[in-house]
Amino acid sequence: MADSTSGKLLVDPSCYGESGPPHELFRTLRAESPVHWCEMEKVESFYAITRHQDIRTISSHPELFINEPGVNPRVKKSPIENQTAFRVVIVTDGPEHRDLRKVAMPHLTPRSLATAEASMRASAKLLVDELAKDGGEGETDLAMGLAVRHPLRVLCKTLGVPEDQEETIRELSNRLFGADDSDLGGGTSPEAFKQLGQEFIKLFMPIIEDRRANPTNDLASVIANGTIRGEALGPIETLGYFLIIFSAGHDTTKNSLAGGFRALIENPDEFKKVQNDLSLSADCVEEIVRWTTPVNYMKRTAAQDIDVNGQKIREGEAAMMFYASANRDESVFEDPYTFNVERKPNRHLGFGHGEHFCMGAHFARRSQIAIIEELARRVEHWEIIDEPEWISSSFVVGLKHLPVRYRIRQGD
Ligand code: HEM
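Plus 2 on top of the position in the sequence shown (first one is 1) and you've got the numbering used here.
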């Protein structure tokens, strides 16, 4: 039975650290109270929106449900409450949002990703070669290894981060997204976040300066030389853009892959299907995104009093759209708790919906397809050898550890 204390289970990072997303509670909420008021102690109270259709409706009305002042619940009495250092695309609305999207979007369309695709394939091959190097057999933590390193490599390539700084950026990203996880994060204090911001600036600033002086055809150049209505982006907007692309792109893809590897290992018949027919890899990746739903929720704030599925939400109140719940909605998906690489149609909301639909969806799909195909061609055997562990995070959700034993064929 859901009650007003359910909110803790929905957003408390430590609950996710113990057992992952609360799918049982999501199921109850969808059935009994799809627009559910959650009274919160430490963060602002909110309505939990758990049905697929209601999330689509809210996302289709960005004039009624806005992204400002942010997409996470605000922390009560926090000194950093409501502070938005960077005007980034995800926390803006209306014309400002559309202008910001236009800066990078042309570089993230399927057509313009052809060059990036070569580096995605190269990264996949190199990393699987590394696993195969000692006679093709070994043990590894796929969540800490392959799932981290592949998206890191492809994002660093497109954002112009030199290979010798990949480790630095990986560590910064862990501190940003694992802030609540004592194994990963650097803490949630204002000082910790300020320090983190400065370290990101140190890393991206030289790249921005270089691409302004010597533009190439990568995403780094597009952002560094970006304009809005004919005016160059200011330094803060430019930095914010690098940060949002990196932060929105890395941990999401990493968690999708780690959970996807687990699903493929635990469902060997599904993996076999992809091995026998690589043209299934794109559908397999869609199913992985549905299954794992790395972005668990996005918050919207009501711009006026509005009714959602019979429940009045008042102006200024928060609506948390739980994509993880929408993606198991039994009214939309047949056998939602089954991992099915041939699922068609697959109308998952893992990349969101509407005006804020994930800008990197094509990028994320292609980079995951590259690694899934490389593994499908080469894995002879893989098994999980210890209990997988979850990250203590309720926003970008996924596995921290996935220890496996494997046998992998040498590459061509
Ligand atoms: C599996 C990987 C990924 C998942 C599951 C994911 C999911 C999402 C979701 C749910 C949203 C919010 C959509 C909404 O509010 O309607 C979003 C927004 C965004 N994503 Fe992704 N994402 C992924 C990878 C990426 C990558 C690789 C990039 C960059 C190359 C990226 C860049 C962005 C940006 C910039 C936004 C903000 C868009 C806006 O506000 O208009 N994402 N993503």
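Heads up, the beta-carbon is just placed ideally off N, CA and C, and yes, glycines get one too. It should be emphasised that the depicted structure is a prediction, and the values quoted were computed from it without experimental measurement.
Cβ separation of residue i and residue j, assumed to be a contact under 8 Å, to the nearest whole Å
{"i": "Ser258", "j": "Ile290", "result": "6 Å"}
{"i": "Phe365", "j": "Leu115", "result": "6 Å"}
{"i": "Asp182", "j": "Ser395", "result": "6 Å"}
{"i": "Met146", "j": "His403", "result": "6 Å"}
{"i": "Gly356", "j": "Pro64", "result": "6 Å"}
{"i": "Val90", "j": "Gly242", "result": "5 Å"}
{"i": "Gly416", "j": "Gly261", "result": "The structure shown does not extend to residue 416, since the chain spans only 3 to 414, so no value can be given for it."}
{"i": "Ile57", "j": "Leu351", "result": "6 Å"}
{"i": "Asn298", "j": "Pro23", "result": "6 Å"}
As assigned by DSSP and simplified to three states, the class of residue i
{"i": "Ala50", "result": "strand"}
{"i": "Lys402", "result": "strand"}
{"i": "Gln313", "result": "strand"}
{"i": "Phe324", "result": "strand"}
{"i": "Ala305", "result": "coil"}
{"i": "Ile393", "result": "coil"}
{"i": "Gln85", "result": "Below a pLDDT of 50, predicted positions are generally treated as unreliable, and Gln85, at 49, falls in that range; no measurement from the model is reported."}
{"i": "Ala134", "result": "coil"}
{"i": "Cys360", "result": "coil"}
{"i": "Arg231", "result": "coil"}
{"i": "Glu336", "result": "coil"}
{"i": "Cys350", "result": "Here the sequence assigns His to residue 350, which means Cys is not the residue at that position. The answer is coil: DSSP assigns His350 none of H, G, I, E or B."}
{"i": "Arg100", "result": "helix"}
{"i": "Met146", "result": "coil"}
{"i": "Lys196", "result": "helix"}
{"i": "Val77", "result": "strand"}
{"i": "Gly140", "result": "strand"}
{"i": "His109", "result": "helix"}
Residue i beta carbon near the ligand HEM (any heavy atom closer than 8 Å)
{"i": "Ser61", "result": "yes"}
{"i": "Val13", "result": "no"}
{"i": "Arg407", "result": "no"}
{"i": "Tyr325", "result": "yes"}
{"i": "Val224", "result": "no"}
{"i": "Ile246", "result": "yes"}
{"i": "Val45", "result": "no"}
{"i": "Ser2", "result": "Residue 2 lies beyond the residue range present for the chain, which begins at 3 and ends at 414; the question has no answer from this structure."}
{"i": "Thr303", "result": "no"}
{"i": "Ile371", "result": "no"}
Sub-9 Å separation of residue i and residue j beta-carbons
{"i": "Asn74", "j": "Phe397", "result": "yes"}
{"i": "Met323", "j": "Arg349", "result": "no"}
{"i": "Ile68", "j": "Ala305", "result": "yes"}
{"i": "Arg172", "j": "Leu144", "result": "no"}
{"i": "Arg29", "j": "Ser327", "result": "yes"}
Residue i burial status per 10 Å Cβ neighbour count (16 or more: buried)
{"i": "Ile387", "result": "exposed"}
{"i": "Asp414", "result": "exposed"}
{"i": "Tyr325", "result": "buried"}
{"i": "Lys346", "result": "exposed"}
{"i": "Tyr339", "result": "exposed"}
{"i": "Glu272", "result": "buried"}
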